[in-house]
Amino acid sequence: MSVKISNISKTFGSYTALKSVNLTVQTGKLTSLLGPSGSGKTTLLRIIAGLEFPDEGSGAIYFDNQDVTRVPAGKRHVGFVFQHYALFKHMTVFDNIAFGLNVKSWKDRPTKQEIADKVHKLIDLVQLGGLDKRYPTELSGGQRQRVALARALAIDPKILLLDEPFGALDAKVRKDLRRWLRKLHEEVNLTTIFVTHDQEEALEISDEIVVMNQASIEQVGKPQDVYDKPATPFVYEFLGKVNQLQLPSRGFAHAASFNEAQGKVAYVRPHDIEVFATAEALNTEAAYLVSVNTAGPLARLCCARQDNDQIIEVEMARQNFTKLNLKVGDWVYLRMR
Amino acid sequence: MESALPEIMKHYFKIADIRAKTRQQASDPVWLRVLLTGIGLLFLTCFLILPIYSLFEEALRKGVATYYQALVDPDALSAIKLTLLTALIVVPCNFIFGLSAAWVLTKYEFRGKSILITLIDLPFAVSPVIAGLIYVLVFGMQGWLGVYIASSHPLFPAIQSWIIAHDIQIIFAKPGIILATIFVTFPMVARELIPLMQMQGTDQEHAAVMLGANGWQIFWRVTLPNIKWGLIYSLVLCNARAMGEFGAVSVVSGHIRGETNTAPLHIEILYNEYNFVGAFAVASLLALLAIVTLIIKSLVEWRLEHKKTL
Chain H
22 MSVKISNISK TFGSYTALKS VNLTVQTGKL TSLLGPSGSG KTTLLRIIAG
72 LEFPDEGSGA IYFDNQDVTR VPAGKRHVGF VFQHYALFKH MTVFDNIAFG
122 LNVKSWKDRP TKQEIADKVH KLIDLVQLGG LDKRYPTELS GGQRQRVALA
172 RALAIDPKIL LLDEPFGALD AKVRKDLRRW LRKLHEEVNL TTIFVTHDQE
222 EALEISDEIV VMNQASIEQV GKPQDVYDKP ATPFVYEFLG KVNQLQLPSR
272 GFAHAASFNE AQGKVAYVRP HDIEVFATAE ALNTEAAYLV SVNTAGPLAR
322 LCCARQDNDQ IIEVEMARQN FTKLNLKVGD WVYLRMR
Chain L
1091 MESALPEIMK HYFKIADIRA KTRQQASDPV WLRVLLTGIG LLFLTCFLIL
1141 PIYSLFEEAL RKGVATYYQA LVDPDALSAI KLTLLTALIV VPCNFIFGLS
1191 AAWVLTKYEF RGKSILITLI DLPFAVSPVI AGLIYVLVFG MQGWLGVYIA
1241 SSHPLFPAIQ SWIIAHDIQI IFAKPGIILA TIFVTFPMVA RELIPLMQMQ
1291 GTDQEHAAVM LGANGWQIFW RVTLPNIKWG LIYSLVLCNA RAMGEFGAVS
1341 VVSGHIRGET NTAPLHIEIL YNEYNFVGAF AVASLLALLA IVTLIIKSLV
1391 EWRLEHKKTL
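As given, the protein sequences belong to chains H and L, one line each in that order. So for the first sequence, the numbering used here puts the first residue at 22; every next one is plus one. So for the second sequence, the numbering used here puts the first residue at 1091; every next one is plus one.
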């Protein structure tokens, strides 16, 4: 099911959480809402879920072209996974997953046997076989989050929403779980919207990334496009490292640039810079090497521009750096790759 | 006020206590530990154990037969019955009021919320005597209700004639006693549940909403099981207070023997008449009820902690 958000605004008192947001999420895709805290991404997710309602007269939400703006959350057939799991503490894993089926009105409710079959299928799907009689307090964080996911899937949702699902987990579990989620998404092929502030997470698992900042959407696109062709300075800075270079500059005339208060500024990623030890190459910017860090696979160079002392960071393969035979204090010549 | 502490805080305090204890055991000299324990025990004996002992001793001074006679005395029996009746009505009322108040105050945002929270605390802040006087002023024959009954052109004449026809009396009658007791014990359930429900937040309720549960199902299947033990705990305390309330009830009761005397009031009357055996016999019964209440409370507390450490 596709989701269309048309001109949605949301204010909490004097605080603006969303400013006329427009967005279309395609059927069967895994879309991330990526942004710093306070950018409005969780509010947007909760509005799609029906846990919050947009400001009066500010626009509408459509599921497959059907207006659901005023449809209550329970009737939207949406699965929601909360950041802190929100499992029912007094129920076993089995009862947690079966909850959505048990609360159906008697004419829609499956039989006990059907419910049990479905719950066991879901327990297998999230790889928690044998844990069905455990209570949430007896599970690890990763296991709890998978129970929450199974519980959300039990009602056969048409859309799955995840609010920073791995935010409360440690780095290792996080990585495993997000790869597993990507695989699961390919299996069930459900329209999935995923909130995160972790750019690495978003770049790794999404089909589409929506970058948000200060209550608005900055850019929508495939991970590769968003990373390689950021539409705004904010996206440049939020996704990976970037150098800001005052223009004009001889080596960086063709770099993506934006007009800012101090004039035209070029945005260049550290690994997009070529380094020469001599001035023979045409159109290069002269700088001197301030420091080098060669711990790890990359050599990280910190250079200062000759004309205005602006710091430029460069990343290159270590063996390439060794070939240049440079030491701190030497002149280097830089240009856009 | 211990009961106003969130349960989780009590748990942390207990851990802190245990830590402090082990620290002190490691560092303090023996004589200091003996001295401090001795002072503690002495206080406990003087102010708690001795009085309770003397209570039972005095009650049984003239033998079990006299003790029994004092309890089955019609006036004593009626006082005990009235006390039980009061508790039987007050506890369910506070269950409903307290639970709905805590629900509204923790799960919803609205204007005037802080005023409502302050109002809930009011009965704890004012003296019970004032609580009693408030009811006399509102429902007494010299109060608003009296003025209404005496009025020749009342609003809703049907209600006035109904009151007169049924001879409804509130002050110096059972309804007044029950109302005053409800007033005094009103904050107990809400005060216990508000921090508990605040701590739990609304995430689980939201999860239930997303899974299609209606309001009733959310309450019975999610909210109530989560606060069950805190609720039982507060109801036990509420019951103890309802049975023991003296001040507010004394003002509105009118002290009619066999009619509007509760057990605590009956004890006072017997004591003032120098009927010590009678007074202490009824008092011992109240003390027993209180001890049973405390045992239930401890069991519930144990259960609460057991669940937390799970």
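Where a beta carbon is used, it is the ideal one built from N, C-alpha and C, also for glycine. This one's a predicted model, so the numbers in the text were calculated from it and none came from an experiment.
Item	Value
Beta-carbon neighbours of Gly1302 (chain L), restricted to chain H and to distances below 7 Å	Gly95, Gly121, Val124, Lys125 and Ile176
Cα-Cα separation, Lys179 (chain H) to Phe215 (chain H)	15 Å
Positions along the stretch 1291-1315 of chain L whose CB lies within less than 8 Å of some CB in chain H	Asp1293, Gln1294, His1296, Ala1297, Ala1298, Val1299, Met1300, Leu1301, Gly1302, Ala1303, Asn1304, Gln1307, Arg1311, Val1312 and Pro1315
Three-state class that DSSP yields for Met233 (chain H) in the structure shown	strand
Residue from L:Gly1291, L:Gln1250 and L:Ala1221 with nearest C-alpha to Leu1235 (chain L)	L:Gln1250
Glu1092 (chain L) - DSSP class collapsed to helix/strand/coil	Annotation note: pLDDT 41 at Glu1092 (chain L) (below 50); position unreliable, no value reported.
Beta strand (DSSP E) segment containing Asn280 (chain H), residue limits	Ser278 to Glu281
Inside the stretch 289-356 of chain H only - beta strand (DSSP E) runs reaching at least 3 residues	294-297, 306-314, 319-326 and 332-338
Residues of its chain near Lys290 (chain H), where Cβ-Cβ distance is below 7 Å and the 5 sequence neighbours each way are ignored	Reading off the sequence shown, one finds Arg at residue 290 (chain H), where the question assumed Lys. For Arg290 (chain H), where only same-chain residues beyond five positions count, the Cβ hits under 7 Å are Gly261, Lys262 and Val263.
Same chain only: Cβ atoms within 6 Å of Phe342 (chain H), ignoring 5 sequence neighbours per side	Ala320
For Gly1320 (chain L), the nearest candidate out of L:Ile1284, L:Ala1248 and L:Gly1302 (CA to CA)	L:Ile1284
Residues bridged to Gln240 (chain H) (per DSSP)	H:Val232
Within-8 Å CB hit, Leu1400 (chain L) to chain H	Annotation note: pLDDT 46 at Leu1400 (chain L) (below 50); position unreliable, coordinate value reported separately. Interface residue, yes.
Neighbour list for Phe101 (chain H) in chain L, Cβ cutoff strictly below 8 Å	His1296, Ala1297 and Met1300
Short CB-CB distance (under 8 Å) between Arg110 (chain H) and chain L	The amino acid at residue 110 (chain H) is misidentified as Arg; the sequence shows Lys. Chain L contact via Cβ: present.
Arg165 (chain H) vs Tyr106 (chain H) beta-carbon contact at 8 Å	yes
Proximity below 8 Å, CB of Ala1338 (chain L) to CB of Ala1255 (chain L)	no
Listed by chain order, chain B residues near His105 (chain H) by CB distance under 8 Å	Reference to chain B is not applicable here, since the protein chains of this structure are H and L.
Integer-rounded CB distance, given that Gly80 (chain H) should sit under 8 Å from Ser27 (chain H)	5 Å
Beta-carbon gap between Thr1196 (chain L) and Gln1307 (chain L) smaller than 8 Å	no
Leu44 (chain H), DSSP secondary structure in three states	strand
Residue burial classification, Met1091 (chain L) (beta-carbon count within 10 angstroms, cutoff 16)	For Met1091 (chain L), the predicted structure reports a pLDDT of 37, less than 50, and the residue's modelled location is therefore unreliable. A value from the coordinates is still provided. So Met1091 (chain L) counts as exposed.
Residues that Phe1229 (chain L) bridges to, as DSSP identifies them	None, per the DSSP bridge assignment.
Residues that Tyr393 (chain H) bridges to, as DSSP identifies them	For residue 393 (chain H) there is no data in the structure shown, the boundaries of chain H being 22 and 358.
Buried versus exposed, by CB contacts within 10 Å (16 or more), Arg200 (chain H)	exposed
Chain L contact residues for Ala70 (chain H), given Cβ-Cβ distances below 7 Å	Met1300
Status (buried if at least 16 other CB within 10 Å, exposed otherwise) for Val296 (chain H)	buried
Gly1334 (chain L) beta carbon less than 8 Å from that of Leu1376 (chain L)	yes
CB contact below 8 Å: Met1091 (chain L) versus chain H	Unreliable positioning characterises Met1091 (chain L) in this predicted model, as indicated by a pLDDT of 37, which lies under 50. A coordinate reading is not provided.
DSSP three-state assignment for Asn264 (chain H), whether helix, strand or coil	strand
Counted within 10 angstroms of its Cβ, other Cβ atoms place Val124 (chain H) as buried (16 or more) or exposed	buried
Contact check, Val194 (chain H) vs Leu149 (chain H), beta carbons under 8 Å	no
Backbone CA spacing between Val1216 (chain L) and Phe1273 (chain L) [nearest angstrom]	11 Å
For Asp116 (chain H), three-class secondary structure by DSSP	helix
Rounded C-alpha distance that separates Val102 (chain H) from Ala173 (chain H)	7 Å
Secondary structure of Ile214 (chain H), DSSP reduced to three states	strand
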